[in-house]
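Q:
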Amino acid sequence: MTGLDTLRSPLSFLRSRVRHIPHCNTLDAEEGWWSNEGVAISDAIDRAGTPWLRMFDRFGKRGDEILYPREYQTILRRGYRSGVVWRAQEENSLIPAYLLMYTISFYDPGICCPYTVSLGTAVPLAKYGSAELQDRFLAQLLRKDDTVWQGATWMTEIKGGSDLGAAVETIARPGGDGWLLTGDKYFASNVGAELAVVAARPDGAATGVRGLALFLVPRYRKDGALNYFVRRLKDKIATRSVPTGEVELKDSEGYLLGSADSGIYLILEVLNLSRVSNSIVSVALAQRAMAGALSYAEHRIAFGKRILDQPLLRHQFENRLNALRSAFALAWHSVQLLNEVWMERPPYSERYHMFRLVAHLAKYWTAEFAVDTAKWAMEVHGGLGVLAEYRAERWFREAMILAIWEGTSHRQILDGFEVMERKRAHRMLFQRLMEITPSKALQDMESEVERHFKLPPEQREALAEPVFRKLAALTADTLACESKWDDKKT
Ligand SMILES: Cc1cc2nc3c(=O)[nH]c(=O)nc-3n(C[C@H](O)[C@H](O)[C@H](O)COP(=O)(O)OP(=O)(O)OC[C@H]3O[C@@H](n4cnc5c(N)ncnc54)[C@H](O)[C@@H]3O)c2cc1C
Numbered sequence: 178m179t180g181l182d183t184l185r186s187p188l189s190f191l192r193s194r195v196r197h198i199p200h201c202n203t204l205d206a207e208e209g210w211w212s213n214e215g216v217a218i219s220d221a222i223d224r225a226g227t228p229w230l231r232m233f234d235r236f237g238k239r240g241d242e243i244l245y246p247r248e249y250q251t252i253l254r255r256g257y258r259s260g261v262v263w264r265a266q267e268e269n270s271l272i273p274a275y276l277l278m279y280t281i282s283f284y285d286p287g288i289c290c291p292y293t294v295s296l297g298t299a300v301p302l303a304k305y306g307s308a309e310l311q312d313r314f315l316a317q318l319l320r321k322d323d324t325v326w327q328g329a330t331w332m333t334e335i336k337g338g339s340d341l342g343a344a345v346e347t348i349a350r351p352g353g354d355g356w357l358l359t360g361d362k363y364f365a366s367n368v369g370a371e372l373a374v375v376a377a378r379p380d381g382a383a384t385g386v387r388g389l390a391l392f393l394v395p396r397y398r399k400d401g402a403l404n405y406f407v408r409r410l411k412d413k414i415a416t417r418s419v420p421t422g423e424v425e426l427k428d429s430e431g432y433l434l435g436s437a438d439s440g441i442y443l444i445l446e447v448l449n450l451s452r453v454s455n456s457i458v459s460v461a462l463a464q465r466a467m468a469g470a471l472s473y474a475e476h477r478i479a480f481g482k483r484i485l486d487q488p489l490l491r492h493q494f495e496n497r498l499n500a501l502r503s504a505f506a507l508a509w510h511s512v513q514l515l516n517e518v519w520m521e522r523p524p525y526s527e528r529y530h531m532f533r534l535v536a537h538l539a540k541y542w543t544a545e546f547a548v549d550t551a552k553w554a555m556e557v558h559g560g561l562g563v564l565a566e567y568r569a570e571r572w573f574r575e576a577m578i579l580a581i582w583e584g585t586s587h588r589q590i591l592d593g594f595e596v597m598e599r600k601r602a603h604r605m606l607f608q609r610l611m612e613i614t615p616s617k618a619l620q621d622m623e624s625e626v627e628r629h630f631k632l633p634p635e636q637r638e639a640l641a642e643p644v645f646r647k648l649a650a651l652t653a654d655t656l657a658c659e660s661k662w663d664d665k666k667t
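According to this note's numbering, the residues represented by the sequence shown are 178 to 667, in order.
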């Protein structure tokens, strides 16, 4: 199989990049099912099957039902059964979940949003929830059949997602057998989920991010009434199978996870799980866009030969395949590091801080790469690339969301620099990279980062992007050297 051939299948590409792949049969079954059946459902939902909201029943009772095409449940529940959530707990490893997400998001990047936020609910509940909370809720999130509960992670409010410390106005007051939350969440994906983790400020807590805490909010109150309300669903350019809504919390029953004064750490842990997912999904999406471009370029004839055989395009395909491998290496390294540190609690180890840096680099680099690759794949299709009847334009729409949610690229750059400056996280990263291939480029990069810290604060922020971009590219390329052995195989 040539390198380009690995583009056609997520599992072939994974096999060429990852030495040991657990549960290959499960991934193989996912790939077979998605290519035979799932893609058609996914296409139809993207075009005409987006979920809708029925607020009241015919007799005026408020129910906030999210209605889906029946087939959506088929594709959604499959991933849960295969283990996107339960395997993490049962196998005490995140690797199987992220391998599944890679495979599935090659076919439908949006569907990994519910999986990610369900994982982002189960993990903090298992880690920080009281024994009573776990008894009440955890088993439902870990079910292996279609009765599994879903989770959601709701932080963002109308005043903004980047500056949560200033923008979160949801207040939590002691009440009932826990807390009562009041406020509005403006971007609430997987709305309708049975459980959500929600950022709120306990009444009287400090201002800024330090005063935020993380609460578990069930869909129904203890007495069976609705516990949160869905004001409306968003009409989005992509991830159209996922209901993203506006949520109203009105004295909604909530349960504190961990302690109130460590809330921001818990919120960031949840976000980090999502950023790693986002990186994996971004690479899978880029692979998918390239696979579409490849199959088109193999058949389209111009100037007497296949456009794939035109030297300029051929060169672009080969270069981009290398870039895909590098992006994967970076995303995969974020998975591996997360898998080592996900059970840590604050105060975190040095390795945890290195993970945070790698997660920011990966989220930034892979999402930008996905956008760029989706744009390029559209161009390879020529005019057909912009037509709604083929898939190339969908990958571009999907990629744009990957670059924005879970923190925009600006956020990744600034937070990445923060963890380098405050925790010296780059030191450990450079050490690691030097072990792979000691190079002058790495030494120069480290000096450039150190020089950057010496700039006056305003200039340091203004000029951060080129340095961060260079660091991300070099990290990705260096990590990709480790899996060079596989290139010979393919
Ligand atoms: C489809 C979709 C689903 C989503 N689902 C969820 C969900 O389930 N839960 C959830 O909590 N959130 C969700 N979000 C929200 C998402 O996380 C936010 O959109 C994102 O964090 C950015 O916040 P914002 O949109 O409020 O932009 P803002 O924070 O208002 O930022 C606007 C612009 O300013 C830039 N900016 C901000 N600060 C700085 C700075 N210091 N320097 C330079 N530039 C800066 C930003 O990068 C951005 O480009 C979802 C978003 C989308 C699009």
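All residues carry an ideal CB built from backbone N, CA and C; glycine is no exception.
All figures in this text were calculated on a predicted structure; none of them were measured in a lab.
1) Among the residues of its own chain, which have a CB less than 7 Å from the CB of R387, if the five just before and after it don't count?
2) Compute the Euclidean distance between the alpha carbons of L410 and R533, then round it to the nearest angstrom.
3) What does a CB cutoff of less than 7 Å around D234 pick up in its chain, not counting 5 residues either side in sequence?
4) So, helix, strand or coil for S503, using DSSP?
5) Does DSSP classify K336 as helix, strand or coil?
6) Could you name each continuous beta strand (DSSP E) segment of 3 residues or more that falls completely within the region 326-388, going from the start of the chain to the end?
7) So if DSSP puts F233 in a beta bridge, which residue, or which two residues, is it bridged to?
8) By the 10 Å Cβ neighbour count, where 16 or more other Cβ atoms means buried, how is K238 classified, buried or exposed?
9) Between S339 and Q311, what straight-line distance do the alpha-carbon atoms span, to the nearest angstrom?
10) So for V195, helix, strand or coil by DSSP?
11) Starting from D428, trace the beta strand (DSSP E) in both directions and tell me its first and last residue.
12) Can you find the residues in the same chain that come closer than 8 Å, C-beta to C-beta, to A479, ignoring five residues on each side of it along the sequence?
13) Name the one or two DSSP bridge partners that Y405 has.
14) How about A299 and L315: are their beta carbons less than 8 Å apart?
15) Considering only DSSP beta bridges, list what A415 is partnered with.
16) Could you check the C-alpha separation between F159 and L318 for me, to the nearest Å?
17) Measure the alpha-carbon distance for Y529 versus D438 and round it to whole angstroms.
18) Which same chain residues, not among the five before or five after F190, have their C-beta less than 7 Å away from its C-beta?
19) Should H510 go down as buried or exposed, given a rule of 16 or more other Cβ atoms within 10 Å for buried?
20) Which residue from L515, E475, A602 puts its Cα closest to that of L181?
21) Kindly indicate which three-state DSSP category A479 falls into: helix, strand or coil?
22) On the DSSP letters alone, give me the boundaries of the beta strand (DSSP E) that L391 sits inside.
23) Can you check which of these residues, K304, I613, M611, F607, is closest to E627 by C-alpha distance?
24) Could you pull out every unbroken alpha helix (DSSP H) segment of at least 4 residues lying fully inside the region 261-336, listed in chain order?
25) L591: beta carbon under 7 Å from a heavy atom of ligand 2?
26) Compare the C-alpha of W263 against each of T251, L277, R452, Q250 and name the closest.
27) Is R571 near ligand 1, with its Cβ less than 7 Å from a heavy atom?
28) How about K540: is its Cβ closer than 7 Å to a heavy atom in ligand 1?
29) Nearest to W331 by alpha carbon, out of E623, R396, R350?
30) Just to confirm, is the Cβ distance from L501 to L538 under 8 Å?
31) Should K666 be labelled buried (16 or more other beta-carbon atoms within 10 Å of its own) or exposed?
32) Give the C-beta separation of A415 and I578 to the nearest angstrom, bearing in mind that I take them to be a contact with Cβ-Cβ under 8 Å.
33) Once the 5 residues before and after S456 are set aside, which same chain residues still bring their CB inside 6 Å of it?
34) Using only CA atoms, which one of L302, F364, S307, A370 lies nearest to L253?
35) So what's L244 in DSSP terms, helix, strand or just coil?
36) By Cβ distance below 7 Å, which residues in the same chain neighbour M668 in space, the five residues on each side in sequence not counted?
A: To lay it out plainly:
1) Contacts found: I441.
2) Here the C-alpha atom of L410 lies approximately 32 Å from the C-alpha atom of R533.
3) Hits under 7 Å: G240.
4) It is helical.
5) In the three-state reduction of the DSSP assignment, K336 falls in the coil class, being assigned neither a helical nor a strand state.
6) Listed in chain order, they are 348-352, 355-366, 372-379.
7) Per DSSP, R239.
8) Around the Cβ of K238, a 10 Å sphere holds fewer than 16 other Cβ atoms; the residue is exposed.
9) In this structure, the CA atom of S339 is about 31 Å from the CA atom of Q311.
10) It is coil, neither helix nor strand.
11) According to the DSSP assignment, D428 belongs to the beta strand (DSSP E) that extends over 421-434.
12) So the qualifying residues of the chain are Q487.
13) Y405 pairs with L426.
14) At a Cβ-Cβ threshold of 8 Å, A299 and L315 count as neighbours.
15) A415 pairs with nothing; no bridge assigned.
16) For residue 159 there is no data in the structure shown, the boundaries of the chain being 178 and 667.
17) Here the alpha carbons of D438 and Y529 stand approximately 20 Å from one another.
18) So the list reads T183, L184, Q464, once near-sequence residues are dropped.
19) In this structure H510 is buried. Its beta-carbon is surrounded by 16 or more other beta-carbon atoms within 10 angstroms.
20) Of the listed residues, the one whose Cα sits closest to L181 is E475.
21) Looking at A479 - three-state DSSP - the assignment turns out to be strand.
22) 390-395 is the extent of the beta strand (DSSP E) around L391.
23) Comparing Cα-Cα distances from E627 to each of K304, I613, M611, F607, the minimum goes to F607.
24) 263-267, 272-284, 289-305, 308-318, all fully within the region 261-336.
25) Questions concerning ligand 2 fall outside what the structure shown contains, since the ligands it does hold are ligand 1.
26) Considering only alpha carbons, the answer is L277.
27) Answer for R571: no, Cβ out of range of ligand 1.
28) Checking the 7 Å criterion, the Cβ of K540 is out of range of every heavy atom belonging to ligand 1.
29) Here the closest residue by C-alpha is R396.
30) Pairing L501 with L538 gives a Cβ-Cβ distance that is not under 8 Å.
31) Note that K666 scores 48 on pLDDT, short of 50, meaning its location in the model is unreliable; the coordinates nonetheless yield the value given after this. Exposed, since its Cβ has fewer than 16 Cβ neighbours within 10 Å.
32) About 5 Å; that satisfies the 8 Å criterion.
33) Cβ neighbours of S456 beyond the five flanking positions: A508, S511, A539, K540, T543.
34) Selected option, being the one with the closest Cα: A370.
35) In this structure, L244 counts as strand in the three-state DSSP scheme.
36) The first residue shown for the chain is 178 and the last is 667, placing residue 668 beyond what the model contains.
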